[in-house]
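Student:
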Amino acid sequence: QTTLKERVAELIPVELEKVKAVRAEHGSKAFGPVLVDQLYGGMRGLPALIWDGSVLDAEEGIRFRGKTIPEIQDALPKAPGGSEPLPEGLFWLLVTGEIPTQEQVDALSKDWAARAAIPEFVEELLDRCPPTLHPMSQFSLAVTALNHDSNFAKAYQQGINKKEYWGPVFEDCMDLIAKLPNIAGRIYRNVYGRGKLPAIDPTKDYSWNLTNLLGFAENPAIVELMRLYITIHSDHEGGNVSAHTGKLVGSALSDPFLAFGAALNGLAGPLHGLANQEVLTWLLKMQKAIGENASDEAVREYVWSTLKGGQVVPGYGHAVLRKTDPRYTAQREFALKHLGDDPLFKLVGQVYSIVPDVLLQAGKAKNPWPNVDAHSGVLLNYYGLSEMQFYTVLFGVSRAFGVAAQLIWDRALGAPLERPKSYSTEAIAKIFKNK
Ligand code: AMX
Numbered sequence: 006q007t008t009l010k011e012r013v014a015e016l017i018p019v020e021l022e023k024v025k026a027v028r029a030e031h032g033s034k035a036f037g038p039v040l041v042d043q044l045y046g047g048m049r050g051l052p053a054l055i056w057d058g059s060v061l062d063a064e065e066g067i068r069f070r071g072k073t074i075p076e077i078q079d080a081l082p083k084a085p086g087g088s089e090p091l092p093e094g095l096f097w098l099l100v101t102g103e104i105p106t107q108e109q110v111d112a113l114s115k116d117w118a119a120r121a122a123i124p125e126f127v128e129e130l131l132d133r134c135p136p137t138l139h140p141m142s143q144f145s146l147a148v149t150a151l152n153h154d155s156n157f158a159k160a161y162q163q164g165i166n167k168k169e170y171w172g173p174v175f176e177d178c179m180d181l182i183a184k185l186p187n188i189a190g191r192i193y194r195n196v197y198g199r200g201k202l203p204a205i206d207p208t209k210d211y212s213w214n215l216t217n218l219l220g221f222a223e224n225p226a227i228v229e230l231m232r233l234y235i236t237i238h239s240d241h242e243g244g245n246v247s248a249h250t251g252k253l254v255g256s257a258l259s260d261p262f263l264a265f266g267a268a269l270n271g272l273a274g275p276l277h278g279l280a281n282q283e284v285l286t287w288l289l290k291m292q293k294a295i296g297e298n299a300s301d302e303a304v305r306e307y308v309w310s311t312l313k314g315g316q317v318v319p320g321y322g323h324a325v326l327r328k329t330d331p332r333y334t335a336q337r338e339f340a341l342k343h344l345g346d347d348p349l350f351k352l353v354g355q356v357y358s359i360v361p362d363v364l365l366q367a368g369k370a371k372n373p374w375p376n377v378d379a380h381s382g383v384l385l386n387y388y389g390l391s392e393m394q395f396y397t398v399l400f401g402v403s404r405a406f407g408v409a410a411q412l413i414w415d416r417a418l419g420a421p422l423e424r425p426k427s428y429s430t431e432a433i434a435k436i437f438k439n440k
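Listed below in structure tokens is the structure:
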């Protein structure tokens, strides 16, 4: 049976040829004009990055290596008795573009379990963090500290040939993903006083172990949720803040721990990954203000008051998407299957029927529809994981899959240092003075 690393080694020469052919045929073609507005406008729509794991269509949403979320749910191997895809299989797909066998997925579960332990000094580092330090800051600290044992950093110091970069980067990426459950679990238990961390079970899959480290694995439904959660949060093409940061920092040949630590700091922003925390905070605040089972009118008024207060409605809108996020839909379907008439789920549904209309009337947001974060917190909360400040950590565990897959390919294909050109407003004014 072929391992993931062996498969990557086979694919590298093929991929190098593909890139060579595309560059030879299209290398000097323009992708379209660059507008000055795009420089001021957060580079929206600017084609600027190569990202192989997934591509985002504004109308249709994400496709992982060409496959939609329902297609992935159908095609990827599952746990015994489970119906959601195993994220191990998704990682294989993101890296190779191929659907793995059950045996290959099981081998990844075992490999990650064997790599899961974190150094003692990282455990101590986390244990010394005050519980008031946001879980995302703790997460980023710990991931950055894993750079202590980076294979790539060591190999680079020893003068590794650039053609060989991908090998130690692959090992680092595998270590990174494998160690995240122990980091996340330790943060959760430290901050929320949930007792001692159990050991990793090498006979179980990644999501079971993560859920067990958090203390919830006795309920098979939340383990299934975690498999779906990691799968759909893993990757969202390359331009979002966390993915792009990981790629950018990796391009300086910073090792995957440094690159992903930086990515996590971007994910921790409220307009990006922290939105899953913000959504639940906002929903609970609304419930407190207008009561449970509030009327549509009361919800509508509350949404307006958020906008009038100069705040965003968290979980709605997107920089690229222009329709309901299929990641939202996948979670809604899971909730319909498992959550019954949970009051918060009902509220999420009610909000879904009201917010888009209000945002359209307000006339500013280019996309009035919900994104992934509008739904995830309610699911976790239903199963007892109610500490919303922790939610973005789970997003971070998932996002490592997509960033790691691209870091492997960037180093395998010799991606150069990223260094776009910047301009001052004065320079722009001068350039276009007489044009
Ligand atoms: N509530 C209120 N106003 C919103 C809004 C929302 N949900 N979404 C967009 N707007 C506003 C913007 O703030 C902006 O206002 P401004 O002109 O006064 O600055 C205007 O509408 C135009 O913005 P846009 O082009 O539609 O969006 P964008 O590409 O600049 O930003 C995003 C995208 C996601 C940051 C924005 O929609 C937003 O702030 N949403 C709420 C936060 C959120 O859910 N983030 C998570 C996104 C998914 C993720 O990364 N995890």
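Number 339 in my numbering belongs to position 334 of the sequence shown; there are no gaps in the numbering. Every residue gets a Cβ at the ideal spot worked out from N, C-alpha and C, and that includes glycine.
Counting pairs of Cβ atoms below 8 Å between the region 103-116 and the region 255-270, do you hit three or more?
Tutor: No contact exists between the region 103-116 and the region 255-270.
Student: What is the residue span of the beta strand (DSSP E) that F69 lies within?
Tutor: Along the sequence shown, read from residue 1 onward, the residue named residue 69 stands at position 64. Note, F69: beta strand (DSSP E), 66-69.
Student: If I measure Cβ to Cβ from F400 and keep anything under 7 Å in the same chain, skipping five residues before and after, which residues do I get?
Tutor: For this step, residue 400 is matched to residue 395 along the sequence shown. These residues qualify, in order along the chain: H238, L272, G278, N281.
Student: For I433, which residues of its own chain have a beta-carbon under 8 Å away from its beta-carbon, when the five flanking residues on both sides are left out?
Tutor: Reading the sequence shown from its first residue, position 428 is the one you call residue 433. Once the five neighbours on either side are set aside, the close Cβ partners of I433 are V41, L44.
Student: Going residue by residue through the region 119-155, where are the continuous alpha helix (DSSP H) segments of at least 4 residues, counting only ones entirely within it?
Tutor: Entirely contained in the region 119-155, the alpha helix (DSSP H) runs reaching 4 residues are, in chain order, 125-132, 140-150.
Student: Do L276 and the ligand AMX come close, with the Cβ less than 7 Å from some heavy atom?
Tutor: Here residue 276 corresponds to residue number 271 of the sequence shown, with the count starting at 1. For the ligand AMX, at least one heavy atom lies less than 7 Å from the Cβ of L276.
Student: Would you list the one or two residues that DSSP bridges to Y321?
Tutor: Looking up residue 321 in the sequence shown gives position 316. Beta-bridge pairing links Y321 to P375.
Student: Please classify V174: does DSSP put it in a helix, a strand, or coil?
Tutor: Sequence index remark: in the sequence shown, residue 174 carries index 169 (1-based). In this structure, V174 counts as helix in the three-state DSSP scheme.
Student: Relative to the C-alpha of P18, which candidate in L95, H139, L418 has its C-alpha closest?
Tutor: For the purposes of this step, residue 18 is taken as the residue at position 13 of the sequence shown. With distances taken between Cα atoms, P18 lies closest to L418.
Student: Between the Cα of A441 and those of D362, H380, D260, spot the shortest distance and give me the residue it belongs to.
Tutor: Outside the displayed range of the chain (6 to 440) lies residue 441, so it cannot be described from this structure.
Student: As a quick exercise: from P85, G94, V325, pick the residue whose alpha carbon is nearest that of Q78.
Tutor: As a working note, residue 78 is residue 73 in the sequence shown. Considering only alpha carbons, the answer is G94.
Student: Please confirm whether D240 and S59 have their CB atoms less than 8 Å apart.
Tutor: Start at 1 with the first residue of the sequence shown, and residue 240 comes out as number 235. Start at 1 with the first residue of the sequence shown, and residue 59 comes out as number 54. In this structure, S59 lies closer than 8 Å to D240 by Cβ.
Student: Taking the alpha carbon of T149 as the reference point, which residue from P136, K184, E169, V27 has its own alpha carbon closest?
Tutor: As a position in the sequence shown, residue 149 is number 144, starting the count at 1. Nearest C-alpha to T149: K184.
Student: With DSSP as the reference, label V60 as helix, strand or coil.
Tutor: As a position in the sequence shown, residue 60 is number 55, starting the count at 1. Here V60 sits in strand by DSSP.
Student: Considering only heavy atoms of the ligand AMX, does any lie closer than 7 Å to the CB of L285?
Tutor: Working through the sequence shown from its first residue, we reach residue 285 at position 280. Result no, Cβ not under 7 Å from the ligand AMX.
Student: Check whether the Cβ atoms of H249 and L54 sit closer than 8 Å, and answer yes or no.
Tutor: Here the question's residue 249 lines up with position 244 in the sequence shown. Here the question's residue 54 lines up with position 49 in the sequence shown. Yes, Cβ-Cβ distance for H249 and L54 is below 8 Å.
Student: Y321: beta carbon under 7 Å from a heavy atom of the ligand AMX?
Tutor: Translated into positions along the sequence shown, residue 321 becomes position 316. Checking every heavy atom of the ligand AMX against the Cβ of Y321, one is found closer than 7 Å.
Student: Which residues share a DSSP beta bridge with K72?
Tutor: Counting from one through the sequence shown, the residue named residue 72 turns up at place 67. Its beta-bridge partners are F69.
Student: With a cut-off of 8 Å, do at least 3 Cβ pairs link the region 333-346 to the region 371-385?
Tutor: Yes, they touch.
Student: Classify F265: buried if its beta carbon has 16 or more other beta carbons within 10 angstroms, exposed otherwise.
Tutor: In the sequence shown, counting from the first residue as 1, residue 265 sits at position 260. So F265 ends up on the buried side.
Student: Where does the unbroken alpha helix (DSSP H) through E22 begin, and where does it stop?
Tutor: Stepping through the sequence shown from its first residue, residue 22 is reached at position 17. Run containing E22: 9-31, per the alpha helix (DSSP H) assignment.
Student: Leaving out five residues before and five after D120 in sequence, what residues of the same chain have Cβ atoms less than 8 Å from its Cβ?
Tutor: Reading the sequence shown from its first residue, position 115 is the one you call residue 120. Sequence inspection shows Arg at residue 120; the Asp mentioned does not correspond to that position. Excluding sequence neighbours, R120 sits near M179, D180, A183, K184.
Student: Sorry if obvious, but does the Cβ on G47 come closer than 7 Å to a heavy atom of the ligand AMX?
Tutor: Within the sequence shown, the letter at position 42 stands for residue 47. The answer is yes for G47.
Student: Taking the alpha-carbon positions, what's the Q143 to L202 distance?
Tutor: Numbered from its first residue, the sequence shown carries residue 143 at position 138. Numbered from its first residue, the sequence shown carries residue 202 at position 197. The alpha-carbon atoms of Q143 and L202 are separated by roughly 17 Å.
Student: List the endpoints of the continuous alpha helix (DSSP H) containing A434.
Tutor: The residue you call residue 434 lines up with position 429 of the sequence shown. Element bounds for A434: 430-436.
Student: So, helix, strand or coil for K440, using DSSP?
Tutor: Here residue 440 refers to the residue found at position 435 of the sequence shown. Of the three classes helix, strand and coil, the one that applies to K440 here is coil, per DSSP.
Student: Can you tell which of P207, A84, F350 has its C-alpha closest to the C-alpha of L289?
Tutor: As a first step, residue 289 must be located in the sequence shown, where it is residue number 284. When only C-alpha atoms are compared, the closest one is F350.
Student: Mark L9 as exposed unless 16 or more other C-beta atoms lie within 10 angstroms of its C-beta, in which case mark it buried.
Tutor: Working through the sequence shown from its first residue, we reach residue 9 at position 4. Buried.
Student: For H323, which residues in the same chain have their Cβ closer than 8 Å to its Cβ, ignoring the five residues on either side in sequence?
Tutor: Locating residue 323 in the sequence shown gives position 318, counting from the first residue. Correct list, in chain order: D330, N372, W374, N376.
Student: Whose CA, out of W97, K83, L98, lies closest to the CA of L91?
Tutor: If you number the sequence shown from 1, residue 91 lands on position 86. The option with the nearest alpha carbon to L91 is K83.
Student: Apart from the five residues on each side of it in sequence, which residues of its chain come closer than 8 Å, Cβ to Cβ, to G200?
Tutor: Stepping through the sequence shown from its first residue, residue 200 is reached at position 195. If we look at G200 and ignore the five residues flanking it on each side, its Cβ neighbours are R194, G220.
Student: Using the Cα positions of S427 and P85, report the straight-line distance between them to the nearest angstrom.
Tutor: Along the sequence shown, one-based indexing puts residue 427 at 422. Along the sequence shown, one-based indexing puts residue 85 at 80. Whole-angstrom Cα-Cα distance: 52 Å.
Student: Sorry if obvious, but does the Cβ on A405 come closer than 7 Å to a heavy atom of the ligand AMX?
Tutor: Numbered from 1 along the sequence shown, position 400 holds the residue referred to as residue 405. No, Cβ of A405 sits at least 7 Å from all heavy atoms of the ligand AMX.
Student: Taking 7 Å as the cut-off, is the C-beta of D62 nearer than that to any heavy atom in the ligand AMX?
Tutor: On the sequence shown, position 57 is the one that residue 62 refers to. Checking every heavy atom of the ligand AMX against the Cβ of D62, none is found closer than 7 Å.
Student: I'd like the list of long-range same chain contacts for A303, defined as Cβ closer than 7 Å, with 5 residues on each side in sequence excluded.
Tutor: Here residue 303 is taken as the residue at index 298 of the sequence shown, counted from 1. Once the five neighbours on either side are set aside, the close Cβ partners of A303 are I295.
Student: For the ligand AMX, I want to know if Y378 counts as a neighbour, meaning its beta carbon is within less than 7 Å of at least one of the ligand's heavy atoms.
Tutor: Position 373 of the sequence shown, counted from the start, is the residue given in the question as residue 378. Checking the displayed sequence, the identity of residue 378 turns out to be Asp instead of Tyr. It does: the Cβ of D378 is within 7 Å (strictly closer) of some heavy atom of the ligand AMX.
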